[in-house]
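**Student:** Heads up: the sequence shown runs through residues 1 to 200, numbered per UniProt numbering. For each residue, glycine too, the CB sits at the ideal point set by N, CA and C. Since this is a predicted model, take the numbers as computed values, not measurements. Handing you this structure, nothing more for now.
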Amino acid sequence: MQNPNLWKDKEKAVKVTKELSELQQEVSEFEAIKTEEDLRKIEMRVFLSGEYDKNNAILLITAGAGGQDAQDWAAMLLRMYERYCQRKGYKAAVLHQSFGEGGGPEGRIGIKSATLEIKGPFAYGFFKKETGVHRLVRISPFSAKSLRHTSFVLVEILPGIEKEEEAEIKIKPEDLKIDFYRASGPGGQYVNKRETSVRI
């Protein structure tokens, strides 16, 4: 543009000016995108500023009312969370899983309960809003009459506690309440006679 010979050729000058204008437009659009990304990152930091938001997360899934349907729904939720973690770059590991009875649709076996450990930055902050009862209404694949069933699954999210934070947790003996009482139910000759049951 600063070359004086450029302006001697009008057509070339118009072409170069147009190209420059298009390049400037592209650069400004790219800068705007970068600014939007920065803004999103700052917003996320503000939203995830809770005490444990930066920590890993422990996700507990428990099948509720709904029998086999609820257990199948719990299995679907577990797979959904595992895949979501995969997409977001979190490491997910099943720590515990209690399977239901019988096979479900597509050969799936439902789960009564499961514990999923999610590792990654701000895992607890991202997942904490998942806490609550998740409901599924569908035509049950387990119903011979193809009736509509409602199933419930409880999802709980706990923050992963780091070793440094564990050291800060101190249980004082005066904070504990210990009860001794007589055990009930069938058992040996001393059941209901001696205080052999302990509750802390």
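1. Since R138 sits in a beta bridge, which residues does DSSP pair it with?
2. Take the Cβ of Q68 as the centre, count every other Cβ of all protein chains shown within 10 Å, and call the residue buried at 16 or more, exposed below.
3. Considering only the beta carbon of each residue, do D53 and F122 sit closer than 8 Å?
4. I need the boundaries of the beta strand (DSSP E) containing K119, first residue and last residue.
5. To test your reading of the DSSP string, which unbroken alpha helix (DSSP H) runs of 4 or more residues are found completely within the stretch 27-90?
6. Using C-beta distances below 8 Å, list every residue in its chain close to R148, excluding the 5 sequence neighbours before and after it, in chain order.
7. How many angstroms separate the CA atom of K177 from the CA atom of I200?
8. Could you give the residue range of the alpha helix (DSSP H) that holds A123?
9. With distances taken Cα to Cα, identify the nearest neighbour of A70 among G100, S28, V14, K170.
10. What does the alpha-carbon distance come out to for the pair F180 and V198?
11. I believe C85 touches I111 by the beta-carbon criterion, under 8 Å. Please report the beta-carbon distance rounded to the nearest angstrom.
12. Answer yes or no: do G125 and G64 have a C-beta to C-beta separation smaller than 8 Å?
13. Report yes if the C-beta distance between G160 and N56 is below 8 Å; otherwise report no.
14. Taking the C-alpha atoms as reference points, what is the distance between K172 and W73?
15. If you reduce the DSSP assignment to three classes, tell me which class L176 lands in.
16. Run through the DSSP bridge pairs and tell me what Q97 is partnered with.
17. Going along the chain, which residues of its own chain have a beta-carbon closer than 6 Å to the beta-carbon of L158, five neighbours each way excluded?
18. By the 10 Å Cβ neighbour count, where 16 or more other Cβ atoms means buried, how is A144 classified, buried or exposed?
19. Hey, how far is the Cα of M80 from the Cα of E130?
20. Is the beta carbon of T62 less than 8 Å from the beta carbon of S113?
21. To which residues of the same chain is H96 closer than 8 Å at the C-beta, ignoring the five residues directly before and after it?
**Tutor:** Reading from the atomic positions:
1. H149
2. buried
3. yes
4. Note, K119: beta strand (DSSP E), 109-119.
5. 67-88
6. V137, R138, I139, S140
7. As the crow flies, the alpha-carbon of K177 is around 6 Å from that of I200.
8. 123-127
9. G100
10. 5 Å
11. Not a contact, Cβ separation roughly 17 Å.
12. no
13. yes
14. 41 Å
15. coil
16. In DSSP, Q97 forms a bridge with A114.
17. I58
18. That one is exposed.
19. 12 Å
20. yes
21. S113, A114, T115
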